[in-house]
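At position 157 of the sequence shown the residue is numbered 296 (the working numbering), and the sequence of numbers has no breaks.
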Amino acid sequence: MTKNSIVVSGIRPTGNLHLGNYMGAVKNFLKMQNEYNCFFFIADYHSLTTHPNPMDLHQNVRQVLAEYLACGLDPEKCTLYIQSDLPQIPELYLLLNMHAYKGELERVSSFKEKARTQPDNINAGLLTYPVLMAADIIIHRAGLVPVGKDQEQHLEMARTFGNRFNRMYSIDLFPEPQAFNYGGELVKIPGLQGGGKMSKSDGDNNVINLVDEPEKLRKKIMKAVSDSGPTEPNSAPSQSAQNLFDLMATVSSPETLNFFKEAHANCNIRYGDLKKQLAEDMIQFLTPIREKIQDIYADEAYLGKVAKLGAEKARESAEATLTEARKAIGFKRFF
Ligand code: ADP
Ligand code: TRP
Numbered sequence: 140m141t142k143n144s145i146v147v148s149g150i151r152p153t154g155n156l157h158l159g160n161y162m163g164a165v166k167n168f169l170k171m172q173n174e175y176n177c178f179f180f181i182a183d184y185h186s187l188t189t190h191p192n193p194m195d196l197h198q199n200v201r202q203v204l205a206e207y208l209a210c211g212l213d214p215e216k217c218t219l220y221i222q223s224d225l226p227q228i229p230e231l232y233l234l235l236n237m238h239a240y241k242g243e244l245e246r247v248s249s250f251k252e253k254a255r256t257q258p259d260n261i262n263a264g265l266l267t268y269p270v271l272m273a274a275d276i277i278i279h280r281a282g283l284v285p286v287g288k289d290q291e292q293h294l295e296m297a298r299t300f301g302n303r304f305n306r307m308y309s310i311d312l313f314p315e316p317q318a319f320n321y322g323g324e325l326v327k328i329p330g331l332q333g334g335g336k337m338s339k340s341d342g343d344n345n346v347i348n349l350v351d352e353p354e355k356l357r358k359k360i361m362k363a364v365s366d367s368g369p370t371e372p373n374s375a376p377s378q379s380a381q382n383l384f385d386l387m388a389t390v391s392s393p394e395t396l397n398f399f400k401e402a403h404a405n406c407n408i409r410y411g412d413l414k415k416q417l418a419e420d421m422i423q424f425l426t427p428i429r430e431k432i433q434d435i436y437a438d439e440a441y442l443g444k445v446a447k448l449g450a451e452k453a454r455e456s457a458e459a460t461l462t463e464a465r466k467a468i469g470f471k472r473f474f
């Protein structure tokens, strides 16, 4: 991997950022901005599939922008922008859509999942979500995409659409983007309610938001699902116990984690104590971030400056790629 690899990643503004977003995505962004040419954006077009009301949309975009900055994204080091400030993205999306087939789009797991959970709103935007995401990535000719494990299939589609365009028009325009994580393995942070990943769509009690106040964190964590305790020494933790260990691994010291793992192995674990410790460690980790989010959110002039600078830098890169794509397709201006 060369130092000048181009990086793209985005997060949909569908609510507050949570610990899963931080550990799966933002933490990598922070390190990458020092090493690569990074484009990080707020995927507001993507959030339209669920028809947010206009007031919420703007507030959520502002919130995520403040959250990105509070976490440490630096607009001087990376290009930080709002997706809808780049008209080049929907244009490339339109071009890619001509070579994206209904059958392959219908087989995407996230589409099948959404079609099942929102049967009254299976819109074309939902079906072509992977095409828009491919456009986001390849518009900057990115090679690396820091995302969580749930996005792997979308990345594969981005490679497919980029390669197909190259082949179709005999051009070597789009490189193959790869999912990226510093640890090698893609991260999956579990939710508090015992199930799979921490996700906004599973309700507030399942997620640890970066803006959650200490009291709220204590309440949510104390209510986290556990089990009735191991009965055999050295038995494998249940899914819910493992989730608690996984959460602890993100914010507590290795000694603390080991202490509770050993207690589990010896069958004398007290989940109440584990949760109390987890809550305090989480509060310590999140408090400085929460305070910064509040300050930055209130500073409208600063947010405006950041968004404008980001849009200008991102448009320049996007326009260069789009010019090549238009040329390859055969568009030629008469004037
Ligand atoms: P959500 O699932 O809560 O709607 P998004 O789909 O907007 O979150 O995810 C934004 C980014 O955060 C993506 O890169 C995604 O892979 C990452 N991410 C989301 N949830 C988790 C999680 N529980 N563990 C690891 N990464 C996650
Ligand atoms: N689909 C991603 C998610 O749900 C968000 C996203 C949109 C994205 N476009 C992207 C992520 C481009 C990385 C690169 O989390």
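In this text, a Cβ means the ideal position worked out from N, Cα and C, and glycines have one as well.
Residues near MET272 in its chain [Cβ-Cβ closer than 6 Å; skip 5 each side]: Answer for MET272: HIS293, listed in chain order.
Span of the beta strand (DSSP E), counted from its first residue to its last, around PHE178: Its beta strand (DSSP E) spans residues 176 to 181.
Span of the beta strand (DSSP E) around GLN317: Here the beta strand (DSSP E) through GLN317 covers 317 to 319.
Bridge-paired residues (DSSP) for ASN348: In the DSSP output, where bridge partners are listed per residue, ASN348 has HIS157.
Proximity test, ARG151 beta-carbon vs the ligand TRP heavy atom, cut-off 7 Å: Between the ligand TRP and the CB of ARG151, the shortest heavy atom gap is smaller than 7 Å.
Near the ligand ADP: ALA281 beta-carbon under 7 Å from a heavy atom: No, Cβ of ALA281 sits at least 7 Å from all heavy atoms of the ligand ADP.
Per-residue burial, SER456 [other beta carbons within 10 Å of its own, 16 or more giving buried]: Sixteen is the threshold: when 16 or more other Cβ atoms of the shown chains lie within 10 Å of the Cβ of SER456, as they do, the residue is buried.
Pick from ILE468, PHE473 and LEU461 that is closest to GLN227, judged by C-alpha positions: Considering only alpha carbons, the answer is LEU461.
Status (buried if at least 16 other CB within 10 Å, exposed otherwise) for SER391: So SER391 counts as buried.
Cβ neighbours of LEU265 in the same chain (closer than 7 Å, five flanking residues each side left out): These residues qualify, in order along the chain: THR188, PHE250 and LYS253.
Any non-hydrogen atom of the ligand TRP within 7 Å of SER338 CB: Not a single heavy atom of the ligand TRP lies less than 7 Å from the C-beta of SER338.
Contact set for ARG151: own chain, Cβ-Cβ below 6 Å, skip 5 residues either direction: The answer, listed in chain order, is ALA182, HIS185 and SER186.
Classification of MET194 by the beta-carbon crowding that lies within 10 angstroms, buried from 16 upward: Exposure of MET194 is indicated by the presence of fewer than 16 other C-beta atoms within 10 angstroms of its C-beta.
Cut-off 7 Å between Cβ atoms - residues of its own chain near VAL203, not counting five sequence neighbours on either side: Beyond the five residues adjoining it in sequence on each side, VAL203 comes within less than 7 Å, by CB distance, of ILE150, PRO152, LEU156 and ILE181 in the same chain, given in chain order.
Top-ranked residue by Cα proximity to ASN405, from SER309, GLU394 and PRO376: It is PRO376 whose Cα lies nearest to the Cα of ASN405.
Contained alpha helix (DSSP H) runs [length at least 4] in the segment 258 to 329, N- to C-terminal order: Segments of the alpha helix (DSSP H) lying fully in the segment 258 to 329: 263 to 266, 268 to 277 and 291 to 307.
Distance cut-off 7 Å: MET162 Cβ against heavy atoms of the ligand ADP: The answer is yes for MET162.
Interface flag, GLY330 vs chain B, CB-CB below 8 Å: The structure shown contains no chain B; it holds only a single protein chain.
Whole-angstrom distance between PRO285 and LYS166, CA atom to CA atom: Roughly 9 Å between the two C-alpha positions.
Cβ distance (whole Å) where LEU225 is taken to contact ARG454 below 8 Å: Confirmed, Cβ separation roughly 6 Å.
Close-in-space but distant-in-sequence residues of the same chain around ALA239 (CB under 7 Å, 5 per side omitted): Residues of the same chain with a CB within less than 7 Å of the CB of ALA239, apart from the 5 flanking positions on each side, are THR267, VAL270 and PHE300 in chain order.
Own chain, CB closer than 6 Å to ASP438, minus 5 neighbours either side, in chain order: None.
Residue interval of the alpha helix (DSSP H) (run including ILE221): Counting along the chain, ILE221 falls outside any alpha helix (DSSP H), though it belongs to the beta strand (DSSP E) covering 218 to 221.
Coil, strand or helix - ILE145 by DSSP: In the structure shown, ILE145 falls within a strand segment according to DSSP collapsed to helix, strand and coil.
Cβ pair count under 8 Å reaching 3, the segment 338 to 353 against the segment 311 to 321: Contact between the segment 338 to 353 and the segment 311 to 321 is absent: fewer than 3 CB-CB pairs across the two stretches fall below 8 Å.
CB of ALA363 within 8 Å of CB of LEU396, strictly: No.
Residue environment, ALA263, which counts as buried when at least 16 other CB atoms sit within 10 Å: Flag for ALA263 reads exposed.
Bridge-paired residues (DSSP) for GLU336: Reading off the sequence, residue 336 comes out as Lys, not Glu. For LYS336, the pairing in a beta bridge is given by DSSP as PRO329.
Short Cβ contact (8 Å threshold) for ASN320 with ASP311: With contacts defined by Cβ atoms closer than 8 Å, ASN320 and ASP311 do not form a contacting pair.
Whole-angstrom distance between PHE474 and PRO485, CA atom to CA atom: The structure shown does not extend to residue 485, since the chain is modelled only from 140 through 474, so no value can be given for it.
GLY242: CB within 7 Å of a non-hydrogen atom of the ligand ADP: No, Cβ of GLY242 sits at least 7 Å from all heavy atoms of the ligand ADP.
Span of the alpha helix (DSSP H) around ARG151: Counting along the chain, no alpha helix (DSSP H) covers ARG151, and no H or E run does either.
Near the ligand TRP: HIS185 beta-carbon under 7 Å from a heavy atom: Yes, the Cβ of HIS185 comes within 7 Å of a heavy atom of the ligand TRP.
Heavy atom of the ligand ADP within 7 Å of GLN332 beta-carbon: No, Cβ of GLN332 sits at least 7 Å from all heavy atoms of the ligand ADP.
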